[in-house]
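Novice:
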Amino acid sequence: MRILFTGGSGKAGRHVIPELQARGHHVVNVDLTPLDLPGVVTLCADITDSGQMFQVMTSYGNLSELEVGTGPAPFDAVVHFAAVPRILIRPDGETFRVNTIGTYNVLEAATKLGIRKIIFASSETTYGICFNDGPMDPPHLPITEDTPTNPMDSYGLSKVCNESTGKAFQRRSGADMYALRIGNVIEPHEYEALFPSFFADPDQRLRNAFCYIDARDLGQIVHRCVMTDGLGYQVFNAGNDGNSVALTTPEIIARYYPDVPLTRPMGRDEAIYSNAKIRKMLGFVEEHPWTRYVPDPRA
0 MRILFTGGSG
10 KAGRHVIPEL
20 QARGHHVVNV
30 DLTPLDLPGV
40 VTLCADITDS
50 GQMFQVMTSY
60 GNLSELEVGT
70 GPAPFDAVVH
80 FAAVPRILIR
90 PDGETFRVNT
100 IGTYNVLEAA
110 TKLGIRKIIF
120 ASSETTYGIC
130 FNDGPMDPPH
140 LPITEDTPTN
150 PMDSYGLSKV
160 CNESTGKAFQ
170 RRSGADMYAL
180 RIGNVIEPHE
190 YEALFPSFFA
200 DPDQRLRNAF
210 CYIDARDLGQ
220 IVHRCVMTDG
230 LGYQVFNAGN
240 DGNSVALTTP
250 EIIARYYPDV
260 PLTRPMGRDE
270 AIYSNAKIRK
280 MLGFVEEHPW
290 TRYVPDPRA
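Last residue of the sequence shown: 298 in numbering that gives the first Met the number 0, with the numbers rising by one and none dropped.
Written out as C-alpha cells, the structure reads:
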C-alpha cells in the first residue's frame with residue numbers, strides 16, 4: 000500500500016517505517032526533520048498548517064512516480080505519529096496546541112481527500128497515570144481500552160482530545176479510524192542500556208504501569224491496522240505481552256497495587272497494560288519480548 004506517515008523521523012517512526020517497508024508498503028514520510036532511510040522521501044512540512052497537510056497528501060512520493068504520467072497516485076492510508084512527544088519539551092499550552100490542531104488538520108485532509116484508512120498515535124498517558132501530579136493507581140487491573148481516561152497533564156489531555164477528534168471524523172466520513180494508545184516505546188539498543196536498571200529498581204516503571212512496546216512490534220501493529228478493514232472507529236492499547244520488570248504479575252500486584260480490584264484473573268507474566276484486544280482483533284503476535292535481548296534474572 001501507499002502510506003503517508005507523519006512523524007516518521009521520531010523515536011517510534013524511524014523503526015516503524017522499515018517494518019512497513021519490509022511488508023511491501025511504500026511509505027512517504029512527513030516530518031520537520033528528514034529521515035535518513037533508503038527508499039523513503041521525507042516531505043518537510045508542519046502539521047499545524049492545514050494547507051500543507053492537503054498538499055503533502057496530494058504529492059508525488061518519489062521521482063519514479065513522475066514516469067507514469069498520470070499525476071500523483073492517491074494514498075491508501077495515513078499513519079499519523081507527528082506530535083510533541085511528551086511534557087517538559089515545550090510549554091504546556093504549545094504542546095496541547097500542536098498536538099490537537101495538528102491531528103485535526105491531518106484527519107481533516109485525509110478524510111476530505113477520500114482516504115479510507117487512518118491510524119493515529121494516542122498514548123498510554125490518556126489513563127492519567129504517567130504524568131499525574133502524585134502517585135495514582137488505576138481504577139482496576141488489567142488496564143484495558145475500557146479503563147476510563149483521566150489525565151491532568153497537557154500531553155495526555157491532547158491525546159484524549161485527539162481520540163474524540165478521530166471519532167468525529169470517522170462518523171463524518173465512514174473511514175476506518177484506529178487510535179493506538181502506545182506504551183513506552185523501546186528501541187532495539189535500549190534493552191541492554193535500560194532494562195538492567197528496571198530489574199534493579201522496578202519503582203521507576205510504576206508511572207508507565209510497567210508497560211513497554213518494542214518499536215519493531217509497533218511496526219507490526221501498524222501494518223496489521225493498515226491491512227484490517229471495516230472496524231470503523233477503534234482504540235487499541237499498543238503494548239507487548241509482558242511487563243518491563245523481572246517480577247511476576249502477581250508480585251507486581253502485591254507490591255504496587257494491593258488495593259486495586261482485578262476484573263479477571265491474570266497470568267503469571269501477563270502485562271498490567273493489556274494488549275488482549277490487538278491480539279484478538281488484529282492478530283498481533285509479539286516478536287520482540289525483552290527476554291530475547293537481556294538475560295532474565297529470574298531464570
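Ideal Cβ positions, reconstructed from N, Cα and C, are used throughout, including at glycine.
A quick note: this is a predicted structure, and the numbers were derived from the prediction, not measured.
(1) So, is P141 buried or exposed, given that buried needs 16 or more other C-beta atoms within 10 angstroms?
(2) How would you call H14, buried or exposed, if buried means at least 16 neighbouring beta carbons within 10 angstroms?
(3) Are there 16 or more other CB atoms within 10 angstroms of the CB of Q54, so buried, or fewer, so exposed?
(4) Kindly indicate which three-state DSSP category K279 falls into: helix, strand or coil?
(5) For the candidate residues L36, D35, T94, C129, whose alpha-carbon lies nearest to that of C160?
(6) Short check: CB of K116 to CB of V225, under 9 Å?
(7) Could you tell me whether the Cβ atoms of S243 and F283 are closer together than 9 Å?
(8) How far does the beta strand (DSSP E) with L62 in it reach, from first residue to last?
(9) Using the C-alpha atoms, what's the distance from T57 back to A82?
(10) Rounded to whole angstroms, what is the Cα-Cα separation between M52 and P33?
(11) What beta strand (DSSP E) runs, 3 residues minimum, are completely inside the region 56–117?
(12) Report yes or no: do the region 145–158 and the region 125–136 share at least 3 C-beta pairs separated by less than 8 Å?
(13) Going straight from the alpha carbon of P90 to that of N183, what length do you get?
Specialist: Reading from the atomic positions:
(1) P141 sits buried, since 16 or more C-beta atoms from the chains shown fall within 10 Å of its C-beta.
(2) buried
(3) exposed
(4) helix
(5) Among L36, D35, T94, C129, the Cα nearest to that of C160 is on T94.
(6) The answer is yes: Cβ separation under 9 Å.
(7) no
(8) Here L62 belongs to no beta strand (DSSP E), and DSSP marks it neither H nor E.
(9) 21 Å
(10) Spanning the two alpha carbons is a distance of roughly 16 Å.
(11) 76–79
(12) The region 145–158 is in contact with the region 125–136.
(13) 22 Å
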